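Residue numbers (my numbering): 1199 to 1595.
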């Protein structure tokens, strides 16, 4: 079957949803098609590791109501080839899609453990993954969380709060190593232990064996760990295969210009898969967080519909870790100069990340309503030293 759309969006995530809605806002009569690999319509992803576990939201409440925008959804289908000259995409069911303008919002794929693990080892990314883990994650269940980054830390806290017995395994020295200053990273390890999490740093999972009612993990320290299920949050790799097949410029993501347009004048890219230049930070980035997906999707959709403008948004993300929480803007990288300004050490404060005197990142740790001020600080061309930053942003509240 052949489908024809003025605007075709390949991808079924938050960037795709934002783009579809933005196109229809600008061009109310637009014929918009969205092709998504998941059978589920676009949904909010942050609740998969946060609100759904706490009971703050239900699965029904995370639906983004994309179809209500008027877009036609083609779900459970994966685009396998793209003919740029003919403006045709073809899916794994044999259908083709003609387009005038195209958005690639193909997202990313979770990195995999280097062995086959069966259904009780879940590489966490989608709603299906959440539902698979939820079947095993009952109060009292032994669950291993593999990975000490953003997703691993959130899942460990959520599962522990649910009453699971959680072991957190990661190869680094501390939780959030490379993102948080050393003192805060040490504190976070101990804080998780105080909440009942078995934190094991410097450990890799090298293999697994099925057991009666669970799985046995083979660890790099020579020990074995028996659990009812394991969930891996090992980071992601951008889904660039389709762009590469079509001959678009790719370099750790689909390379786009200031308007989020790719090397093809009729193709844009947004979300996890897009590599864009950020003027405030002076470098090319690829950002894997909700705010970027939504803001880039919306910007790309408006650009496709004829609304000019450069994408200049700074990276923003947030997290909840038991009763700790933070918001962050820009780059959190401890290879930069780190300036800490605590109201209460490791509980409330602001951490700045500087490069040649320029503020490149701000971590607002249990400090709220300062995101806009942090963005303004990063955008300022002037240079700062430690003394000039102390007390510049409120250190709690």
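Where is the CB? At the ideal position from N, CA and C, for every residue including glycine.
Predicted model, so just to flag it, every value in this text is computed and none were measured.
Among all the DSSP beta bridges, which residues are the ones paired with residue 1201?
1295
What are the boundary residues of the beta strand (DSSP E) that includes residue 1412?
1412-1417
In the structure shown, what three-state DSSP assignment does residue 1219 receive?
helix
Exposed or buried, which one is residue 1566 when buried takes at least 16 other CB atoms within 10 Å?
Within a 10 Å sphere around the beta-carbon of residue 1566 sit fewer than 16 other beta-carbons, which makes this residue exposed.
Nearest-angstrom Cα distance between residue 1202 and residue 1308?
When rounded, the distance between both Cα atoms is 32 Å.
Between residue 1340 and residue 1425, which are expected to be in contact by the criterion C-beta below 8 Å, what is the C-beta distance as a whole number of angstroms?
4 Å
With DSSP collapsed to three states, give me the class of residue 1253.
coil
Inter-residue Cα distance where the pair is residue 1348 and residue 1247:
10 Å
The alpha helix (DSSP H) with residue 1443 in it runs from where to where?
1439-1443
Looking only at C-alpha atoms, which of 1200, 1214, 1555 sits nearest to residue 1263?
1214
Have a look at 1243, 1222, 1238 and flag the residue whose alpha-carbon is nearest the alpha-carbon of residue 1486.
1243
Quick one: complete beta strand (DSSP E) runs, 3+ long, within the region 1464-1540?
Taken in chain order, the whole beta strand (DSSP E) runs of length 3 or more contained in the region 1464-1540 are 1465-1467, 1472-1476, 1481-1483, 1514-1519, 1522-1528.
Excluding the 5 residues preceding and the 5 following residue 1200 in the sequence, name in chain order all residues of the same chain whose CB lies nearer than 6 Å to its CB.
1294
Measuring straight from C-alpha to C-alpha, what distance separates residue 1576 and residue 1592?
A direct Cα-to-Cα measurement between residue 1576 and residue 1592 gives close to 16 Å.
Have a look at residue 1390 and residue 1325 and give me their C-alpha separation to the nearest angstrom.
26 Å
If the criterion is Cβ atoms closer than 8 Å, does the pair residue 1502 and residue 1320 meet it?
no
First through last residue of the beta strand (DSSP E) which encompasses residue 1449:
Note, residue 1449: premise wrong, no beta strand (DSSP E); not H, not E.
Three CB pairs or more closer than 8 Å across the region 1496-1512 and the region 1460-1474:
yes
Among 1454, 1545, 1552, nearest to residue 1510 - alpha-carbon criterion:
1454
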